[in-house]
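Protein sequences appear in the order of chains A, B and C.
Per this note's numbering, the first sequence starts with residue 162, numbered consecutively.
Per this note's numbering, the second sequence starts with residue 208, numbered consecutively.
Per this note's numbering, the third sequence starts with residue 43, numbered consecutively.
Okay, structure first, notes after.
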Amino acid sequence: MTSITPAQAELISPAEVEDVELYHPKTWVTKYVFSQDAKVIAIQYSCTAIGIGLVALVLSWLIRLQLGFPDSFDFISPSDYYQFITMHGMIMVIYLLTALFLGGFGNYLIPLMVGARDMVFPYVNMLSYWIYLLAVLVLVASWFVPGGPTGAGWTLYPPQAILSGTPGSDAGIILMLVSLALFIIGFTMGGLNYVTTVLQARTRGMTLMRMPLTIWGIFTATVLALLAFPALFVAAVMMTLDSMLGTSFFMPSIVEMNEYLEYGGGSPILFQHLFWFFGHPEVYIVALPAFGIVSDLLSVHSRRHIFGYRMMVWAIVGIGALSFVVWAHHMYVSGMNPWFGFFFATTTLIIAVPTAIKVYNWTLTLWHGNIRLTLPMLFALAFIVTFLNGGITGLFLGNVVVDVPLSDTMFVVAHFHMVMGVAPILVIFGAIYHWFPLITGRMMNQAMGQFHFWVTFIGAYVIFLPIHYLGFLGVPRRYFEMGDTSFIPESVASLNAFVTVAALIVGFAQLVFMYNLFWSASKGKVAERNPWQATTLEWQTPEMPPAHGNFGETLPVVYRWAYEYGAPGYDEDFVPQNQPPIGASAETGGDGVPDGAAQPAK
Amino acid sequence: MVVVIVLVLVTIGTVLFHFLAPTIGWWWTPIASNWGFIDTTIIITFWVTGAVFVAVLGFMAYCVYRFRYQKGRRSAYKPEDNKLELWLTGLTALGVVVMLTPGLFVWNQFITVPEDADEFEVMAQQWQWSYRFPGEDGILGTTSPRFIDDDNPFGVNPNDANGQDDILIDDSELHLPLDRPVKVLLRSIDVLHNFSVPQFRAKMDMVPGTVTYYWLTPIRAGTFDALCFELCGVGHHAMRGTVVVETESEFEAWLGEYSTFAQSMARAGNGAEKVLNLVSREVEATSVEKKSAQ
Amino acid sequence: MSIFRALMEKPWMVEGVIDDVYGVDHKSLPTAKFGLRVFLVVATVVFSLIVVTYFERMLVPDWRALQIPLVLWPNTALLILSSIALQWARVSADRGRLDGVKSGLLLGGVFAFAFLVGQLLAWRQLIDLGYFVATNPANAFFYLITALHGLHLLGGLVAWARTSAKVRRGVALDRLRLSVELCAIYWHFLLVIWLILFGLLWFT
Numbered sequence: 162m163t164s165i166t167p168a169q170a171e172l173i174s175p176a177e178v179e180d181v182e183l184y185h186p187k188t189w190v191t192k193y194v195f196s197q198d199a200k201v202i203a204i205q206y207s208c209t210a211i212g213i214g215l216v217a218l219v220l221s222w223l224i225r226l227q228l229g230f231p232d233s234f235d236f237i238s239p240s241d242y243y244q245f246i247t248m249h250g251m252i253m254v255i256y257l258l259t260a261l262f263l264g265g266f267g268n269y270l271i272p273l274m275v276g277a278r279d280m281v282f283p284y285v286n287m288l289s290y291w292i293y294l295l296a297v298l299v300l301v302a303s304w305f306v307p308g309g310p311t312g313a314g315w316t317l318y319p320p321q322a323i324l325s326g327t328p329g330s331d332a333g334i335i336l337m338l339v340s341l342a343l344f345i346i347g348f349t350m351g352g353l354n355y356v357t358t359v360l361q362a363r364t365r366g367m368t369l370m371r372m373p374l375t376i377w378g379i380f381t382a383t384v385l386a387l388l389a390f391p392a393l394f395v396a397a398v399m400m401t402l403d404s405m406l407g408t409s410f411f412m413p414s415i416v417e418m419n420e421y422l423e424y425g426g427g428s429p430i431l432f433q434h435l436f437w438f439f440g441h442p443e444v445y446i447v448a449l450p451a452f453g454i455v456s457d458l459l460s461v462h463s464r465r466h467i468f469g470y471r472m473m474v475w476a477i478v479g480i481g482a483l484s485f486v487v488w489a490h491h492m493y494v495s496g497m498n499p500w501f502g503f504f505f506a507t508t509t510l511i512i513a514v515p516t517a518i519k520v521y522n523w524t525l526t527l528w529h530g531n532i533r534l535t536l537p538m539l540f541a542l543a544f545i546v547t548f549l550n551g552g553i554t555g556l557f558l559g560n561v562v563v564d565v566p567l568s569d570t571m572f573v574v575a576h577f578h579m580v581m582g583v584a585p586i587l588v589i590f591g592a593i594y595h596w597f598p599l600i601t602g603r604m605m606n607q608a609m610g611q612f613h614f615w616v617t618f619i620g621a622y623v624i625f626l627p628i629h630y631l632g633f634l635g636v637p638r639r640y641f642e643m644g645d646t647s648f649i650p651e652s653v654a655s656l657n658a659f660v661t662v663a664a665l666i667v668g669f670a671q672l673v674f675m676y677n678l679f680w681s682a683s684k685g686k687v688a689e690r691n692p693w694q695a696t697t698l699e700w701q702t703p704e705m706p707p708a709h710g711n712f713g714e715t716l717p718v719v720y721r722w723a724y725e726y727g728a729p730g731y732d733e734d735f736v737p738q739n740q741p742p743i744g745a746s747a748e749t750g751g752d753g754v755p756d757g758a759a760q761p762a763k
Numbered sequence: 208m209v210v211v212i213v214l215v216l217v218t219i220g221t222v223l224f225h226f227l228a229p230t231i232g233w234w235w236t237p238i239a240s241n242w243g244f245i246d247t248t249i250i251i252t253f254w255v256t257g258a259v260f261v262a263v264l265g266f267m268a269y270c271v272y273r274f275r276y277q278k279g280r281r282s283a284y285k286p287e288d289n290k291l292e293l294w295l296t297g298l299t300a301l302g303v304v305v306m307l308t309p310g311l312f313v314w315n316q317f318i319t320v321p322e323d324a325d326e327f328e329v330m331a332q333q334w335q336w337s338y339r340f341p342g343e344d345g346i347l348g349t350t351s352p353r354f355i356d357d358d359n360p361f362g363v364n365p366n367d368a369n370g371q372d373d374i375l376i377d378d379s380e381l382h383l384p385l386d387r388p389v390k391v392l393l394r395s396i397d398v399l400h401n402f403s404v405p406q407f408r409a410k411m412d413m414v415p416g417t418v419t420y421y422w423l424t425p426i427r428a429g430t431f432d433a434l435c436f437e438l439c440g441v442g443h444h445a446m447r448g449t450v451v452v453e454t455e456s457e458f459e460a461w462l463g464e465y466s467t468f469a470q471s472m473a474r475a476g477n478g479a480e481k482v483l484n485l486v487s488r489e490v491e492a493t494s495v496e497k498k499s500a501q
Numbered sequence: 043m044s045i046f047r048a049l050m051e052k053p054w055m056v057e058g059v060i061d062d063v064y065g066v067d068h069k070s071l072p073t074a075k076f077g078l079r080v081f082l083v084v085a086t087v088v089f090s091l092i093v094v095t096y097f098e099r100m101l102v103p104d105w106r107a108l109q110i111p112l113v114l115w116p117n118t119a120l121l122i123l124s125s126i127a128l129q130w131a132r133v134s135a136d137r138g139r140l141d142g143v144k145s146g147l148l149l150g151g152v153f154a155f156a157f158l159v160g161q162l163l164a165w166r167q168l169i170d171l172g173y174f175v176a177t178n179p180a181n182a183f184f185y186l187i188t189a190l191h192g193l194h195l196l197g198g199l200v201a202w203a204r205t206s207a208k209v210r211r212g213v214a215l216d217r218l219r220l221s222v223e224l225c226a227i228y229w230h231f232l233l234v235i236w237l238i239l240f241g242l243l244w245f246t
């Protein structure tokens, strides 16, 4: 390690962090309800997302009951089933994962980890949450309109989505599209905050390359979301017009149930392009924050710096950029120009390289570490297993010709559940166990946590691994029931029953987790300061949980990167980012030139 | 220690499952078309990715065991290793090339229809299949949703000479001749559908407003299930068909049982008034056809 | 490029307070201005996607060219005037002339309102001619484009109203300058977008 060169030092301005004008709540309502504090907004976002996520969990049970025991549940009709899968998918992808990672973790962690007092536009940030809540309520409302919610599949492909052969094709689909449009508007407000806060409100010394990977992940995902959601917005507006006013943006001339409809000339494939131009980056909007968070969990709990930090940052940025040129790999068999297949297969497999590098670097972080198998660490390890598995099956589906027999089969279902369902959710759990002491001041219960981890990890793995093989067999996805076929062996029925039972057990474990959340928040063991001995700023606040304004009187000054674990020359095996270098005075005086202990460069 | 054992078990279990699943039939159906190359590409992908899977998880289990927590131990400080990372990047890129190259070659075959392939059409609507063969002239007549009515359920253009001898099969059972390449033209009149037989491996969405296609050569006689592989509404799961692959002579005999478009229109009593009506509709329809041709 | 140099930095090599050695921080830029820029990027993506889908839709043979209401010409002139007025307010704010700010803001708002009324007139004309939103695809795009643009301008008018309220409350010019500048930037952006969209409608 070296101290900085004099040439660089000349560029250093006085060590003062400009303080921002902070909004101060005056009443209980402005403090906890219409709060402008990012931490409160984060918790509001998280609770709403988890609440609607529980609805998606129950829907998944109903889906599995139907698939596992096709003739036993009379109360599930085909319409219900298609509504269940649609709402399950939409809630999980948008209203749970996107909202929780960006609105929840983003709001809580960005200001704390970059050393800011709050988001830069607190009022807009508050609006963001309330519009998100409105979007969720509109979504929920679609259960209570005639015809129920839409059953068009979460991809909402026209013409199907707005024709009468699909459940919820009148009011349901409109409410879905309105809810999405609201979500996007709300998200854009939040997204402006996240991006601007990261770029403009970092504390002194927090250079881009000193940011924890969590921030890199959330930041890049937000940029992706800001650029990708407009495509969904445009598609949603156009489909609303098609549905309500009879325009033909996506509607060709159609005969529906022997009746000629007054549409013509529109292109269903155009919708798919718009949808996936959003939809593929969306995968990374969920994955990149997970990548970032898991990097930090692995580093903290194996007491070792992240391996290849620069490579990890470049990979996040590179994957983010590439994610905009791979969207049509969701459309290999959509009937688009087949020549696109060559381009999109190539870009898709290229994206595997930076992704693989990330996996290697995670495992190399463990190498020569001092691994503490805490709960967050267990979830991080489980993430690597499931993400590796799901990433690998992505190479099948990305390779255009291999996708042909596998597309729209259960293989696809197994793939995306493993890679963007199970894997990110394991990270969410790991992150909650990790940051719960920071948020509440108490540790989560170990015993319940261990139970939750093992059931969830092993359960999810044995649920989704065999489903891939149903896909090979040719079992289609989105089937209410398989009925009689000549190519599906009897044993598949037992497999489906087994998967259903496993899913119910895993689902039950999530209820244990919910109970643990509530129980530990009030009765958990009181956490000591910085219980994981982490280096990042959120653990260095004067109070824990951090108070309004995060950092007390003065903002922290950052002296090093976020991964100083096991660094030679220090007594402790970790050095917080804001701990002054050995030999330097704690306060940084006017000249601000640090006087760090010069050590041989590594 | 439990974690290490579980990691090892997950790795071994996954590999074992992969090799054992085919013995109880959880594996692809025996192929019945010329697309064996697709299966080969899948096998190549399995070997490449399987090696990575075992290597990474094995290494992870080793690390969790070897570097488990010991009080007072410090982790090694080595923020990056460019040589190692370059090697890993290179190897991964090599693996990608090994998988992608055969994939693209086979895709090129998949989208290049042989000249001698016989055309026929699958028409989809909620929630049934029907089929149309080109008849004597070997050319399918043009169609438009605007021509569809009770007498003309296929929407064949009544003024197109090529369409008069088209053989219409208003039934979910399709017969195909063995060992003859066929180009399957795919048309939908309402929503997206996807006509596919798992044993054939080929698949393509049908998109209203345009005609899509794939081609294949059936290489095994038998009766196969055709399913819809694109969510098409509440009857999606019930949209079934049957494909019978048989010798050329059996196929010809089957095809001979069905009537042509001209015959069916004549049967329906094609009055002069009706023709006029259809001609006026044709004007609008031609523009739609141009789109389909793209 | 400084951003690339920043990303090449080996953060573990340097300990101590470093500020942004490579100049990638734009902290000199007011936060609100930066935030507005991010928003403009998002809005640009929305309008670009509409232009792309417009071109895509034009390829279909049932496309008929649009009957453009002539009122769009005076409307365009109004929007240009509105932009000029706000620019005037911005320059006046920089030079510390409060009366200039006041009249610039007022005129800008009035012209913007007039533009929106004019756009509604254009809709009225089309409807009178029997061109409804579903009559043909070009009309559908026309209504969609003008509605989206109009909504963006309405959003701008909210910001404008807040700024005007500040002026009326007698907030010091120093604290007004940024708000006026942001309004002006947003107006110029919407003007450019409108000129592009109008050009698109006119030439196709």
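We treat Cβ as the ideally placed atom computed from N, Cα and C, and that holds for glycine.
Whether residue i touches residue j by CB criterion (8 Å)
| i | j | result |
| --- | --- | --- |
| Asn-522(A) | Phe-468(A) | yes |
| Asn-286(A) | Gln-197(A) | yes |
| Phe-284(B) | Pro-585(A) | Checking the displayed sequence, the identity of residue 284(B) turns out to be Tyr instead of Phe. Contact flag unset, no. |
| Pro-515(A) | Gly-555(A) | no |
| Gly-314(A) | Arg-639(A) | yes |
| Thr-507(A) | Leu-307(B) | yes |
| Val-87(C) | Leu-388(A) | yes |
Within-8 Å CB hit, residue i to chain C
| i | result |
| --- | --- |
| Pro-286(B) | yes |
| Gln-361(A) | yes |
| Trp-475(A) | yes |
| Leu-406(A) | yes |
Which of helix, strand or coil DSSP assigns to residue i
| i | result |
| --- | --- |
| Glu-328(B) | strand |
| Cys-225(C) | helix |
| Ala-409(B) | coil |
| Val-687(A) | strand |
| Tyr-293(A) | helix |
| Gln-335(B) | strand |
| Ser-124(C) | helix |
Chain B within 8 Å of residue i, Cβ atoms only
| i | result |
| --- | --- |
| Arg-465(A) | yes |
| Met-472(A) | yes |
| Trp-54(C) | yes |
Cβ of residue i within 8 Å of any chain A Cβ
| i | result |
| --- | --- |
| Thr-256(B) | yes |
| Met-306(B) | yes |
| Asp-432(B) | yes |
| Ser-379(B) | no |
Please list, in chain order, the residues of the stretch 567-586 of chain A that have any C-beta partner in chain B closer than 7 Å. So the list reads Ser-568, Asp-569, given in the order they occur along the chain.
Could you give the uninterrupted runs of the beta strand (DSSP E) lying entirely in the stretch 377-447 of chain B, keeping only those of 3 residues or more? Every unbroken stretch of the beta strand (DSSP E) spanning 3 or more residues and falling wholly within the stretch 377-447 of chain B is given here in chain order: 380-384, 389-395, 400-403, 419-423, 429-435.
Can you list, in chain order, the residues of the stretch 689-723 of chain A whose Cβ is nearer than 9 Å to any Cβ on chain C? Under the 9 Å Cβ criterion, the stretch 689-723 of chain A contributes Val-718, Val-719, Tyr-720, Arg-721, Trp-722, Ala-723.
Which residues, taken in chain order from the stretch 370-385 of chain A, show a beta carbon closer than 8 Å to some beta carbon of chain C? Listed by position, the residues of the stretch 370-385 of chain A near chain C (Cβ gap below 8 Å) are Met-370, Arg-371.
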